[in-house]
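With the numbering used here, the residue at position 13 of the sequence shown is 495, and numbering never jumps. Glycine included, each C-beta is placed from N, C-alpha and C at the ideal position. Structure record follows, encoded as structure tokens.
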Amino acid sequence: MELNDALNAAALAVSSAKGDRVFQELTRYLATILNVQLALIGHFLGEPPQAIRTLGLYGGGAYRENFEYRLDTTPCRAVVGGGFSVVPRDVATLFPEDKYLPKGAVGYAGFPLKDAAGRVAGIIAIISRQAIEDAALV
Numbered sequence: 483m484e485l486n487d488a489l490n491a492a493a494l495a496v497s498s499a500k501g502d503r504v505f506q507e508l509t510r511y512l513a514t515i516l517n518v519q520l521a522l523i524g525h526f527l528g529e530p531p532q533a534i535r536t537l538g539l540y541g542g543g544a545y546r547e548n549f550e551y552r553l554d555t556t557p558c559r560a561v562v563g564g565g566f567s568v569v570p571r572d573v574a575t576l577f578p579e580d581k582y583l584p585k586g587a588v589g590y591a592g593f594p595l596k597d598a599a600g601r602v603a604g605i606i607a608i609i610s611r612q613a614i615e616d617a618a619l620v
């Protein structure tokens, strides 16, 4: 499937999804298009944010059950400040206490999701079994 076809299919699937299902569909297409191990969308909990509650989670070819996790031991904590975060390789080595990183995780990229007032409210992130060689493609 060409990238453009994949993006069109993703847009169609997401636009036809209802309610919270839109987050699941978006993570599925994100994982598929980018060929990554896991994709997630979540919202931050607390002020300042201390944890994330996933809204959509897709990995290993299946939807995953949503859950909450603390930020302090994860690469997701870098996104709280509002910037794009990439760990191109060795994410498991750099975050050894992150018990939610899937086995074989190598690369990570996270992007902040902002509310209407411009405050960081959540995250969209991917985890890859390969190094992320070109962050511009994520």
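- Going by C-alpha positions, Ala521 is about 26 Å away from Ala599.
- One thing to note: Val568 has its Cβ no nearer than 8 Å to the Cβ of Ile605.
- With at least 16 other beta carbons inside 10 angstroms of its own, Thr556 counts as buried.
- With at least 16 other beta carbons inside 10 angstroms of its own, Gly592 counts as buried.
- In the three-state reduction of the DSSP assignment, Val569 falls in the strand class.
- Runs of the alpha helix (DSSP H) spanning 4 or more residues and lying entirely within the stretch 495-537 occur at 503-516, in chain order.
- Between Gly538 and Tyr582, the alpha-carbon positions lie close to 15 Å from each other.
- When DSSP assignments are scanned along the stretch 568-618, the uninterrupted stretches of beta strand (DSSP E) that are 3 or more residues long and fall wholly within it turn out to be 589-596, 602-610.
- At the C-beta level, Gly541 and Pro584 come within 8 Å of one another.
- For the pair Lys596 and Gly586, the Cα-to-Cα distance works out to about 30 Å.
- Taking 8 Å as the cut-off, the Cβ atoms of Glu550 and Ala533 count as close.
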